[in-house]
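A.B. asks:
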């Protein structure tokens, strides 16, 4: 029975902070979807600050006393998210030029992490959800590489909104898995 309580992301009392980050990403995604003319620079700056916030949350989860076996992914993801977030916030010109590539790197990293999670938990129930999540994240990452290569502003805007919304839902769903289990 105790094996059912194990999860990849660990348990923490601060699961609601991860949920809050997911909700903020969803709101940011819908805002960018409905107001794409708000500006590419604004979107990249907002995304930079959300990455800094997400990185801080990931570092806190990985350093928590009840961290799970996958705490290294949270630590690595937090460091990468904070580094990319600070780089985007530091320079608007830099963030506009490399915005699709930064997002592509993040989605490819988290896609690989989700695929590793699916392979590790292949004997468990619903392991395929992590597999589908990983494949979708990799697909979005590769689409961002293509959007940056072609310099297609409309495709990048659409993918940015889609990425915010999808990533927010993914993080919000995973936050419920992080709630402490009552014995």
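Numbering (this note's numbering), first residue to last: -5 to 177.
C-beta atoms are modelled at their ideal positions from N, C-alpha and C, and glycine is treated no differently.
For residue 67, tell me which candidate among 56, 21 and 77 has the shortest Cα-Cα distance.
C.D. replies: Locating residue 67 in the chain shown gives position 73, counting from the first residue. Taking only the C-alpha atoms, the option nearest residue 67 is 56.
A.B. asks: Around the Cβ of residue 28, are there at least 16 other Cβ atoms within 10 angstroms (buried) or fewer (exposed)?
C.D. replies: As a working note, residue 28 is residue 34 in the chain shown. By the neighbour-count rule (16 or more Cβ atoms within 10 Å), residue 28 is not buried but exposed.
A.B. asks: Could you check whether residue 15 and residue 46 sit closer than 8 Å to each other, using their CB atoms as the reference points?
C.D. replies: Position 52 of the chain shown, counted from the start, is the residue given in the question as residue 46. Position 21 of the chain shown, counted from the start, is the residue given in the question as residue 15. Going by C-beta atoms, residue 46 is not nearer than 8 Å to residue 15.
A.B. asks: Give the DSSP-derived three-state secondary structure of residue 26 in the structure shown.
C.D. replies: Mapped onto the chain shown, residue 26 falls at position 32. Note: residue 26 maps to helix in three-state DSSP.
A.B. asks: Mapping the DSSP letters down to three states, classify residue 119 as helix, strand or coil.
C.D. replies: Walking along the chain shown from the start, residue 119 turns up at place 125. The answer is coil: DSSP assigns residue 119 none of H, G, I, E or B.
A.B. asks: Does DSSP put residue 174 in a helix, a strand or coil?
C.D. replies: Within the chain shown, the letter at position 180 stands for residue 174. Residue 174 falls in the coil class under three-state DSSP.
A.B. asks: Report the three-state DSSP secondary structure of residue 238 (helix, strand or coil).
C.D. replies: With the chain covering -5 to 177 only, the question about residue 238 has no answer from this structure.
A.B. asks: For residue 163, tell me which candidate among 112, 115, 24 and 176 has the shortest Cα-Cα distance.
C.D. replies: Walking along the chain shown from the start, residue 163 turns up at place 169. Nearest of 112, 115, 24 and 176 to residue 163, Cα basis: 24.
A.B. asks: Helix, strand or coil for residue 135? Go by DSSP, reduced to three states.
C.D. replies: Taking the chain shown and counting its residues from 1, one reaches residue 135 at position 141. Of the three classes helix, strand and coil, the one that applies to residue 135 here is helix, per DSSP.
A.B. asks: Grouping DSSP H, G and I as helix and E and B as strand, with all else coil, what is residue 85?
C.D. replies: Within the chain shown, residue 85 is the residue found at index 91, counting from 1. In the structure shown, residue 85 sits in coil (DSSP, three-state: anything other than H, G, I, E or B).
A.B. asks: Quick check: the Cα distance between residue 117 and residue 36, rounded to an integer number of angstroms?
C.D. replies: Sequence index remark: in the chain shown, residue 117 carries index 123 (1-based). Sequence index remark: in the chain shown, residue 36 carries index 42 (1-based). Cα-Cα distance, rounded: 44 Å.
A.B. asks: According to DSSP, is residue 1 part of a helix, a strand, or is it coil?
C.D. replies: One-based indexing of the chain shown puts residue 1 at position 7. Residue placement at residue 1 is poorly supported in this model, since its pLDDT is 48, which falls under 50; the coordinates are not used for a value here.
A.B. asks: Since residue 71 and residue 107 should fall inside the 8 Å C-beta cutoff, what is the C-beta to C-beta distance between them, to a whole number of angstroms?
C.D. replies: Numbered from its first residue, the chain shown carries residue 71 at position 77. Numbered from its first residue, the chain shown carries residue 107 at position 113. Sure, about 7 Å apart at Cβ, within 8 Å.
A.B. asks: Determine the direct distance from the alpha carbon of residue 10 to that of residue 86, and round the result to whole angstroms.
C.D. replies: Locating residue 86 in the chain shown gives position 92, where the first residue counts as 1. Locating residue 10 in the chain shown gives position 16, where the first residue counts as 1. Rounded to whole angstroms, residue 86 to residue 10 spans 31 Å at the Cα level.
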